[in-house]
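Chains as they are written, first to last, in my numbering: chain H, 1 to 201; chain C, 202 to 402; chain G, 403 to 603; chain P, 604 to 804.
Quick reminder that beta carbons are idealized off the backbone N, C-alpha and C, glycines included.
4 protein chains.
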Amino acid sequence: MTGKEPDRREEIMKVALELFAEKGYHRTKISDMVNRAGVAQGTFYWYFKSKAAIATEIIQSGEERLLEVVSKGYRQVPGTVQDAVSASRSLFIELFQFSQDNRHLMELLLKGMDTEETVKEAVLKARRKLEEGFRQNITRAIDLGILPANDPTLQAALLTSLLEGMLERWLFSEHSDLTGKTADEMARELVRFEFFGLLGI
Amino acid sequence: MTGKEPDRREEIMKVALELFAEKGYHRTKISDMVNRAGVAQGTFYWYFKSKAAIATEIIQSGEERLLEVVSKGYRQVPGTVQDAVSASRSLFIELFQFSQDNRHLMELLLKGMDTEETVKEAVLKARRKLEEGFRQNITRAIDLGILPANDPTLQAALLTSLLEGMLERWLFSEHSDLTGKTADEMARELVRFEFFGLLGI
Amino acid sequence: MTGKEPDRREEIMKVALELFAEKGYHRTKISDMVNRAGVAQGTFYWYFKSKAAIATEIIQSGEERLLEVVSKGYRQVPGTVQDAVSASRSLFIELFQFSQDNRHLMELLLKGMDTEETVKEAVLKARRKLEEGFRQNITRAIDLGILPANDPTLQAALLTSLLEGMLERWLFSEHSDLTGKTADEMARELVRFEFFGLLGI
Amino acid sequence: MTGKEPDRREEIMKVALELFAEKGYHRTKISDMVNRAGVAQGTFYWYFKSKAAIATEIIQSGEERLLEVVSKGYRQVPGTVQDAVSASRSLFIELFQFSQDNRHLMELLLKGMDTEETVKEAVLKARRKLEEGFRQNITRAIDLGILPANDPTLQAALLTSLLEGMLERWLFSEHSDLTGKTADEMARELVRFEFFGLLGI
DNA sequence: TATGAATGAGATTTCATTCAT
DNA sequence: GATGAATGAAATCTCATTCAT
C-alpha cells in the first residue's frame, strides 16, 4: 500500500535473471522462477506474457543501462592520441565495472544465443548498439585526425570482439588467469592492445 | 562393398550439424534429424546414445580438424617481426578459410553454450585448446625476442577474442558489413590490428 | 467446500489400483489411468512422480490398513488351546474379509513382484510385516504354554505361506473350487489345518 | 557337425532363464539375452518366435521335469500313517532338492505372473498340475483310510500353498532365517506341519 | 491480484521385431 | 543358419500455458 511491499514484478525479474545466468535460458523453468521468488505459478503470468517476454524485457532494460554507460564515457572530446587513450581507458573501466556489477545480465548478453527468435533478437540488438557506439567514437577520432583513416566499422567490430571476449573470460571462465584481475587492470590491458597491438609498449 | 552405400552414421551427423547451426541446439529435434536424413526415429538411437552425445561427438571431431589447421600454421620459425606478421597472416587465412568451409561447425562452437553440461564442456574444451595454441606461439615469439615480454596468456586471450568475435560477425551477422569480405581480407585486417592496434598503419 | 468435489488424487489412485489388479503392473499404462479417471495425462504428473511412485504409495497405504486388521485381531490373551484356536479363527475371518473387500490391493501384494525395484521392495516389506505379526503371536502362545516350543519364525513362515496361497486361490483362481466359499469357511478350514494338520479332525 | 558344436538354441534358453530369474520377465530384454549368449540379435528370432514364446517354452520344459519328480515320489503305496508321513517326506526332499538345482526355473514359476497372457497361462498350468498331483495322492490316502475324509481339493490347495511359500522363502528371501537350512530340514519341517499342524509334536 | 490445479502438445527414448545380405 | 542394421509403434515424462476460483 505504501509502496514498500515487495514488488513482485521486480522480484520475479531478478530471480529470472539469476536463473538464466546460472542455468541458461532453456534449463530455467517457470517453476524454478516462481519457486525461488516464492510466488505461485499462475502469478508469473499475471506479470509476464511468456517466458520469452520476461527474457526480452530483462535484456532490454539491461541494454538501456549499458548504453548509458557507453554514452557517458564518450562525452569528452579528445585532442591528442593521449587524450583518446585515456578517454578510452576510463570508458572501459566503467564498462568492466558495470559488467562486474551486472554479471548475470552480461552472461545473458554474451551467451544467450540459443533461444526463441525474439529473445535472440533482443540480445543481438543490444550488442549491435554497443558496437555502434564504438563505431561513432572511432569515426569522430578519425575526423579529428587522431586515428588513421581506416574503416571505422571494421575497427568497431574488432574492438567489440575484444571487449566481449575479454569480458567473457574475466567474468565466467574459471580456466582463465584473468579471474583475479581488477576492472582497472583489465581495462588497462585492453586499451594497450587496442591502440598498440601486440607490438605496443 | 562399393564404398557408395550411404553411411547412415555419417549422414545423421552431417544433418545434425546442419540443423544445430540452422536452428540452434534446442530447437533441433531428433525428429528433425531423422526426417532430413530419411531414416526412422529408432535408427538414430542405433548410432547415438542421445542428442547430447551426437552433439558432443560432432564437436570433438571438429576440434580435431580445427587444431590441425592451427598446428600446421605454426611450423615456420620467424626471425623478424615481418616474418611473424606474415606467419600470423597465413595462419589466420587458413583459419578463416576453414571456418568458411565449416560454418556449421563454427556456429556450434561459437554459440553452443546453452546446452547440456556435457556439450557445453566439449565446446569450451575446443575453444580453450585453440587459445592454448595461440599462447604457445606468442610465448615462442617472446622467447625469440620478436614480441615484447608481455603476459602471453593475456595476449592469447586478446587474440582469441579477436578471432572469435570477427568470425562470428563475418560468418553469421547479416547486419555486418563484413559479410562481403574474403577470408584473405579478414585475415589481413585482423593481423594488422593484432600487431599494431588502432594506431597501426 | 462441500466435501463433494472429486478428489483427483484419490480418484487416480483408485483407478490405478483397479488397473494394476486387472491387467498387471506392466500392462497398465499411465494413459489407461488418466483415461479411466477422466483427466489429462499431465494431471497424473501433478500428483505423482512416476508410475513406480503411485504403485509404491498404494502399497504402503494398503500395508497400513492390513496391519491394522492384524493388530486388532491380537488383542485377546488366550488361556487355553481352544481360546487360541478361536482367536486365530476370528483373525483369519477378518483377514479374509479384508482381502475380499480389497481384492485389488491383495492382487498387487500377492503378484506384484515383477516391477521396478522400489515397488517390489514395498510389496516385500508389507508381506514381511504381516509375517512378523504372526511370529509375535506365535511366540506369545509358546510363552503361555499353549503351543509347543517350536521355532516361531519357521511357524510364522508356514502360516503366512498358507494364508497367502489360500488367498490367491480363493480370490483369483477361476480354476479353483474355493471361489465359492465364504470368508468364514476359508478361515475355518485354514485354522483347522493350522492347528491340526492333515490328520486333524 | 559332430554334435559337439555349442547348441545355440539351448544356450539362448539357458541365459534367458537366468535373466528372467535375475531381473524378471519385463526387465529382461532380447538384447540382454543375445549379448550374454554371444550371438546376434537376429539369431534369437531364428530359434524363437518371440519373447513370450521362449518364456513359455522354458516353463513347459520345466513343468515336465518337475512333474516327473512328483510322479516318481508317489510310487509306493502307504499302509499306515507312518508310511504316508515318510513317503511325503521323501517326496518333499526331492522337491526341495529339485528346486535348489533349478532355482531359476522355480523363480520364474513362483513369481512370473505379470507377463503376457500366454506366459502367465503356462505358469499357472504348471502350478495347477503340481497341485493336482498332490490332490490325487491325498485322495488315495483317504481311500485307504489313512487320512480323514476331508475335501481333498482343499487339502491339496493348503499343501501346495505351504510348499510354494516355503520354497519362495527358502530360495529367494534374504530376510528369512530359512536360507541356511538344507533341503532335508525344510522337508522335515514342512511334513511335520502338514500332518500335525502347530500343535504337532 | 494471486493461487495452484489442470491441461495437452510434443519431445525423448525404448525395444520387440523384421529384413536384406 | 547367422548377422546386425533398421524399423516404428508406443510409452514415459516435461513444461509452458490456461483457467476457475
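Minimum C-alpha distance to residue i - residue among the options
| i | options | result |
| --- | --- | --- |
| ALA790 of chain P | P:ARG692, P:THR721, P:LYS728, P:GLU613 | P:ARG692 |
| MET616 of chain P | P:THR659, P:HIS629, P:GLN700, P:PHE737 | P:THR659 |
| TYR74 of chain H | H:LEU95, H:GLY180, H:ASP184 | H:LEU95 |
| PRO480 of chain G | G:LEU549, G:THR584, G:GLU509 | G:LEU549 |
| GLN41 of chain H | H:GLU168, H:THR179, H:ARG8 | H:ARG8 |
| ALA323 of chain C | C:ALA238, C:ALA253, C:GLY346 | C:ALA253 |
| ARG772 of chain P | P:GLN758, P:ARG743, P:LEU747, P:GLN703 | P:GLN703 |
| ASP754 of chain P | G:VAL483, G:GLN484, G:LEU601 | G:LEU601 |
| GLY112 of chain H | C:TYR226, C:GLN298, C:LEU220 | C:TYR226 |
| ALA238 of chain C | C:ARG228, C:GLU223, C:GLU211, C:GLY366 | C:GLU211 |
| LEU309 of chain C | C:HIS376, C:LYS273, C:ARG266, C:ILE260 | C:ILE260 |
| PHE417 of chain C | C:GLN283, C:THR244, C:LEU345 | A question about residue 417 of chain C goes unanswered here, because the residues of chain C that appear run from 202 up to 402. |
| ARG65 of chain H | H:TRP46, H:GLN97, H:LEU19 | H:GLN97 |
| VAL672 of chain P | P:ASN705, P:VAL642, P:ALA624, P:SER653 | P:ASN705 |
| LYS723 of chain P | G:THR581, G:SER575, G:LEU580, G:THR445 | G:SER575 |
Residues near residue i in its chain [Cβ-Cβ closer than 6 Å; skip 5 each side]
| i | result |
| --- | --- |
| LYS29 of chain H | none |
| GLU264 of chain C | ALA327 |
| ILE54 of chain H | ALA16, PHE48 |
| ALA285 of chain C | PRO279, ALA342, ILE347 |
| GLU131 of chain H | ALA156, THR160 |
| LEU708 of chain P | GLY665 |
| GLY736 of chain P | VAL673 |
Sequence-distant residues of the same chain with beta carbon closer than 7 Å to residue i, five excluded per side
| i | result |
| --- | --- |
| LYS129 of chain H | GLU63, LEU67 |
| GLU194 of chain H | SER88, LEU159, LEU162 |
| PHE695 of chain P | ALA790, LEU793, VAL794 |
| THR756 of chain P | ARG738 |
| THR319 of chain C | ALA253, THR257 |
| ASP787 of chain P | ILE696 |
Residue-level contact to chain H via CB, residue i, 9 Å cutoff
| i | result |
| --- | --- |
| SER362 of chain C | yes |
| LEU355 of chain C | yes |
| GLN301 of chain C | no |
| LYS205 of chain C | The predicted position of LYS205 of chain C is uncertain, since its pLDDT is 49 and thus under 50; a value taken from the coordinates is nonetheless stated next. Answer no: the Cβ-Cβ gap between LYS205 of chain C and chain H never drops below 9 Å. |
| ARG304 of chain C | no |
| LEU372 of chain C | no |
| LEU391 of chain C | yes |
Minimum Cβ-Cβ distance from residue i to chain P less than 9 Å
| i | result |
| --- | --- |
| PRO550 of chain G | yes |
| ALA423 of chain G | no |
| SER578 of chain G | yes |
| GLU496 of chain G | no |
| ALA589 of chain G | no |
| ALA559 of chain G | yes |
| GLY426 of chain G | yes |
| GLU596 of chain G | yes |
| LEU601 of chain G | yes |
| LEU546 of chain G | no |
Below-9 Å beta-carbon distance, residue i vs any chain G residue
| i | result |
| --- | --- |
| ARG630 of chain P | yes |
| ALA690 of chain P | no |
| ALA619 of chain P | no |
heavy atom of the ligand SAM below 8 Å from residue i C-beta
| i | result |
| --- | --- |
| GLU264 of chain C | In the structure shown, the ligand SAM is absent, as is every other ligand, since no ligand is present at all. |
Minimum Cβ-Cβ distance from residue i to chain C less than 9 Å
| i | result |
| --- | --- |
| MET166 of chain H | yes |
| ARG8 of chain H | no |
| ASP151 of chain H | yes |
| ALA52 of chain H | no |
Neighbourhood of residue i by C-beta distance below 8 Å, restricted to the same chain and skipping five residues each side
| i | result |
| --- | --- |
| THR482 of chain G | ILE548 |
| LEU19 of chain H | THR28, ASP32, MET33, ARG36 |
Legend entry - Near-chain H residues of the region 307-340 of chain C - C-beta to any C-beta below 8 Å: LYS312, GLY313, MET314, ASP315, THR316, LEU325, ARG329, ILE339
Legend entry - Proximal residues, the region 472-483 of chain G versus chain P, C-beta separation under 8 Å: Considering only beta carbons, the part of the region 472-483 of chain G lying closer than 8 Å to chain P consists of VAL483, in chain order.
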